Structures are given as C-alpha cells and as structure tokens.
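S.K.: So the sequence shown is numbered by the numbering used here: it starts at 459 and just counts up by one. Even glycine gets a Cβ: it sits at the ideal position worked out from N, Cα and C. Computed from a predicted structure; not experimentally measured. What follows is a structure written as structure tokens; I'll ask about it next.
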Amino acid sequence: MATTGSDAVIQFPVLVEGHYNRQTGNKSMNLRVAFNLFTDALMALAALVFAAGVRFGRFDLPENWEAEQGVAAGTIFVGVTLFSSYLMEVHSLPKESRKREIFAACLQSGCAAFFLLSVLYYLDPSLMLGRGVLFFALGFFIIFQFAWYAISGIEARTVPFAQRVLILGTGDLACQLGGLITSQGGSFTLAGYLECGEGMPAATVHQSETFNSQVMPVEGDLLQTARNHRVSIIVVALAERRGVLPLQEMMRCKLNGIEIVDAPTFYEIVQGKLMLEEMTPSWIIFSSGFRRNALINVYKRCVDILLSVVGLLLAAPLFPLIALAIKLDSPGPLFFKQVRVGTGEKPFLLYKFRSMCQDAERNGAVWAAKNDARVTRVGKFLRNSRIDEIPQLYNVLKGEMSFIGPRPERPEFVENLKKDIYYYSKRHTIKPGLTGWAQVRYPYGATVEDAKEKLRYDLYYIKNLSFLLDTQIIFETVKVVLFGRGR
459 MATTGSDAVI QFPVLVEGHY NRQTGNKSMN LRVAFNLFTD ALMALAALVF AAGVRFGRFD
519 LPENWEAEQG VAAGTIFVGV TLFSSYLMEV HSLPKESRKR EIFAACLQSG CAAFFLLSVL
579 YYLDPSLMLG RGVLFFALGF FIIFQFAWYA ISGIEARTVP FAQRVLILGT GDLACQLGGL
639 ITSQGGSFTL AGYLECGEGM PAATVHQSET FNSQVMPVEG DLLQTARNHR VSIIVVALAE
699 RRGVLPLQEM MRCKLNGIEI VDAPTFYEIV QGKLMLEEMT PSWIIFSSGF RRNALINVYK
759 RCVDILLSVV GLLLAAPLFP LIALAIKLDS PGPLFFKQVR VGTGEKPFLL YKFRSMCQDA
819 ERNGAVWAAK NDARVTRVGK FLRNSRIDEI PQLYNVLKGE MSFIGPRPER PEFVENLKKD
879 IYYYSKRHTI KPGLTGWAQV RYPYGATVED AKEKLRYDLY YIKNLSFLLD TQIIFETVKV
939 VLFGRGR
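Laid out in structure tokens, this is it:
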C-alpha cells in the first residue's frame, strides 16, 4: 500500500456488515471484574485474619470452632462483603472520583454488609463471628478497600486489562466513539485514528491540535500499524464506506487475531445500548443476536409463573394495609387499570395500586412527570418503593407480561413515538416486563428524547436476551428499589 511520507495516512475499498464476538470483545472487562473481585476477596480474608488477631490475640480460629464452621463463616463474610461492594457500586466509581467519595462508597458498602450479615446471623446463629470480630473485620475491610482503591487509583485497576482500539476514520462518528473511549476508560484505551478521506470532524475543530496528535501515520501497512501500536480491535467508523476500505489488509488483520468491528457494534459493547442512528436493516439481519430461543422462552415463562405466584402470596398480607392507606389518603378505587401495548402491539389491561388522585387524566393522556402534582402522599411512597407495581404480578401470571422486558406504554403514546422514533415498534417483539434493562440503566424521563434513549436499552436487551442478562437486571433492580434510581 502506497504512502506519501512519514505523515501519510491510510487512504483506503466496502466492509460487509459483520458481527462481533462479544465474548472476545468483553475479555478485558471480564479480566477487570475478576481482578477486582479477587482483590476484594483477599482484602476481606485479610480483614478477618486481622480481626481475629485483635480480638483473640492470635491469627487463628476461636478455640471452640471447628474448621468447617470457620470455612463456612469466612465464606459467608467474603461473599456478603463482595455483594455489598456491588450494591454500593464501589467497583464502578468514575476514574475522576475523589478520595472522600471513594471512602463514602467503602463506608456504605461496610454498613450494607453489616446489615446483611446481621440478618444471616439471626437466621443461623451458628455462623456468627461474634460482635467483636464482626466489627473489627468490617472496620479493617473498609480501611483496606479504601486504601487500595484510593492509592492504586482507578487507572491502575483498569488500564492493565484494557484493549487498545484503533478507529478507522476521522469524521464525526469516529470522534464520537473516540470520545466515549477516552471519557469512560475501563475496558478500552484509544490507540488513535486512521484517516479515510473524511477530514476533520466539525464537532472537534476547536480541538484540532489534540485531535491531530491522535491521527496516526501509516507504518508499513494496516497490520504493521496495528502491531506497532499494540492494537487488539479496529473499529470501522465511516459515514460512507464504499471504495475506501482495504479489504485484503483488513482480512490479514482478522486472520492475525485483530478484531474488526463496525461502529454500531462497538458502541453497543461500550455503552450497553444500541446506536439507533447507525443501525440499518442489514445490520440487524446479519449481526449476532436478535434470536428467539425456544429454551429461553420456556425458562422465562416458568420463572414468571413461579415468581408471580410466590410474589402474590408474600404480598397478600400487605394488601389490607395498602388498601387502607390508599382509601384514607384520597377518594377513589384501590386499583388503577389502564390499557397498555403488549407483544405484537396487542393491547392489554395493566393493573397497579392507585397512586394518583381520582380523575387524574380527565383532560386526556399525559406522561407522568417527576414530582407529578397528581400523585397522592401515599402514592408517592408506593411509587418510590415500587409497591404500586405489585398487582402487575397478576399480568405476569396471565402471560401478558414477563418479569423482565421493555416497560409497556399506552397506545396513545406508542402511536406518536412510532412516528417520531424509527425502530420503536421493534420493542414489541417480546413481552413487556415489570423491570427491564432501560429501567436499571436510565433515570426517570418523560419526553420523546427519553423514550428514544430508553429504546436503545430495550433493543439491546432484545438483541442480547439471555439468562445471564436477566440475572444482572434482577440484581440491578434490587439496587434501583433500594436507592430510588431509574424508572
């Protein structure tokens, strides 16, 4: 491939819509998560040992403990502290976090661990470490965790596992992806850009000096350039790809272990949502995902039936108290019934505990807003705690909804959103859910732009539907309910 000197850039001929091995693409993320879990587990074990030394004067089990009892107690302590760190998002702290913010997260994690361990010890006293040991162990764990996260820094715990990314293109799309990499850090680092005739992106003209410094000169051919910069992923980020891509050189890169990814796929991996603006019908058809697996459908239905029955039985004793509170607070019915759009855009009747005043929509359908004046005092509590959603377990039991899926919207809103947002109707290819990927990843919103942003997450869930993703959403939902985020 010809060059024009030391500062020459690659001038490239059409990348076929391809798919990306998510397992390979996420290997750095898996390594980083495993590393963080491993270090936290070591710190929890060290905290136990130090606590035993302070409490008993020796770094060993209490004299009246059997080895099996010590292993069980230690395993539970480590498991609970790891889960508490996940709940408090200690592992997800932004790289610009200050030390006091890190300490606050570690302290909250320790308090959550104390609460969970107290419940477990109440249920099974034989596992109890003893109040002295527990307090010392949690105290040491908070200190160790804070010291590690504050001194080592976020970069030290992420960059060693990050994959280096070369972006093919220098236009606005390339700039957008490069900005995502540099702002988020974590699993990927930006190696640079290779120009393909697009010129300087308009969005970064004021940063041209910084941007130009990241545009890489050609060093032999594409494979040699990638090797020289230790690149493991090449992202094709071109608005127009016809006649500008070196297919032979890209095949050489692919056959030598360098991943070739298009912009929408890379955006999906980094952001956990889909890039609607760059999605084409051919991308949907040929990309991995968007598969309907009979086994996962049977699994989801069995889980839906089991959990809805158990949930209704557990919630039944609360119904009289909820009914009394609603009736005393404001006049009107106990339940709120409303038509929503389900699978295949078929309407169904959704049930909730009433949280708004009677005749809240006498002037027509409107989106609920944050701090909505129509919400009653009891209704505000029911909404914040998600108790108002409990009657939807009946919808799940009937098969109109699932536990996990896109939230069902009203027909009036759906018709308008289908006109404003391309692909909006595709969210109705699966059952709507009590909770979903959009609800745990995006805050409350009631505008067309919010609906578009949530659609990115809904389509991501539909594309990557799996047991593991459902499990992650359940854990994230617990955090949302506990800390009042999302909707």
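From valine 538 to aspartate 720, what does the alpha carbon distance come to, in whole angstroms?
M.R.: In a straight line, the C-alpha of valine 538 is about 40 Å away from that of aspartate 720.
S.K.: Rounded to the nearest angstrom, what separates lysine 712 and leucine 638 at their Cα positions?
M.R.: Taking the straight line joining both Cα atoms gives about 24 Å.
S.K.: Less than 7 Å between the CB of proline 789 and some heavy atom of the ligand FMN, yes or no?
M.R.: The ligand FMN is absent from the structure shown, which contains no ligands of any kind.
S.K.: Go ahead and pull the three-state DSSP assignment for arginine 812.
M.R.: Coil.
S.K.: Keeping to the same chain, check which residues put their C-beta closer than 7 Å to that of tyrosine 809; ignore five residues upstream and five downstream.
M.R.: Within the same chain, tyrosine 809 has close Cβ partners Phe793, Lys795, Pro849, Gln850, Tyr852 and Asn853.
S.K.: Would you tell me roughly how many angstroms separate the C-alpha atoms of threonine 893 and cysteine 654, rounded to the nearest one?
M.R.: So the two alpha carbons sit approximately 43 Å from each other.
S.K.: Is it right to say tyrosine 757 is buried, meaning 16 or more other beta carbons lie within 10 angstroms of its own, or is it exposed?
M.R.: Tyrosine 757 comes out exposed.
S.K.: Please name the residue in Gly802, Ser745, Arg622 and Glu707 whose C-alpha comes closest to that of proline 722.
M.R.: Here the closest residue by C-alpha is Ser745.
S.K.: Report the partner residues of phenylalanine 806 according to the DSSP bridge assignment.
M.R.: For phenylalanine 806, which the question treats as bridged, DSSP gives the partners Arg798.
S.K.: Taking just the CA atoms, how far does phenylalanine 541 sit from glycine 532?
M.R.: The alpha-carbon atoms of glycine 532 and phenylalanine 541 are separated by roughly 14 Å.
S.K.: By how many angstroms is the C-alpha of valine 761 removed from the C-alpha of phenylalanine 933?
M.R.: Cα to Cα, the separation comes out at about 16 Å.
S.K.: For a quick check, are the C-beta atoms of valine 623 and leucine 648 less than 8 Å apart?
M.R.: Contact: yes.
S.K.: Take lysine 937 and list the residues in its own chain whose beta-carbon comes closer than 8 Å to its own, dropping the five residues that flank it on each side.
M.R.: Contacts found: Leu545, Glu547, Val898 and Arg943.
S.K.: Hey, could you find the ends of the beta strand (DSSP E) tyrosine 651 is sitting in?
M.R.: It spans 646-652 - the beta strand (DSSP E) in which tyrosine 651 sits, taken as one unbroken run.
S.K.: Our contact map puts aspartate 876 next to threonine 801 with C-beta atoms below 8 Å; I'd like the distance itself, whole angstroms only.
M.R.: Per the sequence presented here, residue 876 reads as lysine, with aspartate not at that position. In fact, because the Cβ distance is near 16 Å, the residues do not count as touching under 8 Å.
S.K.: Over the uninterrupted beta strand (DSSP E) stretch that includes glycine 891, give me the two end residues.
M.R.: Looking at the DSSP string, the run of the beta strand (DSSP E) that includes glycine 891 is 891-893.
S.K.: Using C-beta distances below 7 Å, list every residue in its chain close to leucine 506, excluding the 5 sequence neighbours before and after it, in chain order.
M.R.: Closer than 7 Å at the Cβ level, and outside the excluded window around leucine 506, lie Gly532, Phe535 and Ala595.
S.K.: Would valine 591 and alanine 509 qualify as a contact pair, given that the criterion is a beta-carbon distance under 8 Å?
M.R.: Yes, these two residues count as a Cβ contact at 8 Å.
S.K.: For the beta strand (DSSP E) containing glutamate 717, list its first residue and its last residue.
M.R.: Start and end: 717-720.
S.K.: Along the chain, where does the beta strand (DSSP E) that runs through isoleucine 862 open and close?
M.R.: Element bounds for isoleucine 862: 860-862.
S.K.: Quick one: give me the first and last residue of the alpha helix (DSSP H) that leucine 626 is part of.
M.R.: Here leucine 626 belongs to no alpha helix (DSSP H); instead the beta strand (DSSP E) covers 621-626.
S.K.: Look at threonine 887 and isoleucine 931 and say whether their C-beta atoms are less than 8 Å apart.
M.R.: Contact: no.
S.K.: Secondary structure at valine 529, three-state DSSP: helix, strand or coil?
M.R.: Correct three-state label for valine 529: helix.
S.K.: Using CA coordinates, which residue listed in Gln603, Phe572, Ala570 and Leu581 is at the minimum distance from arginine 558?
M.R.: Here the closest residue by C-alpha is Gln603.
S.K.: Ignore the nearest five residues each way along the sequence and tell me which others in leucine 575's own chain have a CB closer than 6 Å to its CB.
M.R.: Excluding sequence neighbours, leucine 575 sits near Val538.
S.K.: Within the chosen definition, does the segment 839-846 reach the segment 867-875 through at least 3 CB pairs nearer than 8 Å?
M.R.: In short, these stretches do not touch, since the Cβ pair count stays below three.
S.K.: List the endpoints of the continuous alpha helix (DSSP H) containing isoleucine 784.
M.R.: Isoleucine 784 -> alpha helix (DSSP H) spans 777-787.
S.K.: DSSP has phenylalanine 793 in a bridge; who is on the other side?
M.R.: Phe811.
S.K.: Around the Cβ of proline 866, are there at least 16 other Cβ atoms within 10 angstroms (buried) or fewer (exposed)?
M.R.: By the neighbour-count rule (16 or more Cβ atoms within 10 Å), proline 866 is buried.
S.K.: Tell me which same chain residues have a C-beta within less than 8 Å of the C-beta of glycine 650, skipping the five on either side of it?
M.R.: Here the set comprises Leu624, Ile625, Gln672, Val673, Met674 and His687.
S.K.: Whole angstroms is fine: what's the gap from lysine 912's alpha carbon to arginine 835's?
M.R.: Going by the C-alpha atoms only, they are around 28 Å apart.
S.K.: Assign proline 864 to one of two classes, buried (16 or more other C-beta atoms within 10 Å of its C-beta) or exposed (fewer than that).
M.R.: Buried, since its Cβ has 16 or more Cβ neighbours within 10 Å.
S.K.: For glutamate 726 and leucine 940, what's the separation of their Cα atoms in angstroms?
M.R.: Looking at the two C-alpha atoms, the distance is approximately 28 Å.
S.K.: Under the assumption that leucine 923 contacts isoleucine 743 (Cβ atoms under 8 Å), give the Cβ distance between them as a whole number of angstroms.
M.R.: Rounded, the Cβ-Cβ distance is 17 Å, inconsistent with contact.
S.K.: Which value, in whole angstroms, describes the spacing of the CA atoms of alanine 781 and glycine 790?
M.R.: Answer to the nearest angstrom: the Cα atoms are 11 Å apart.
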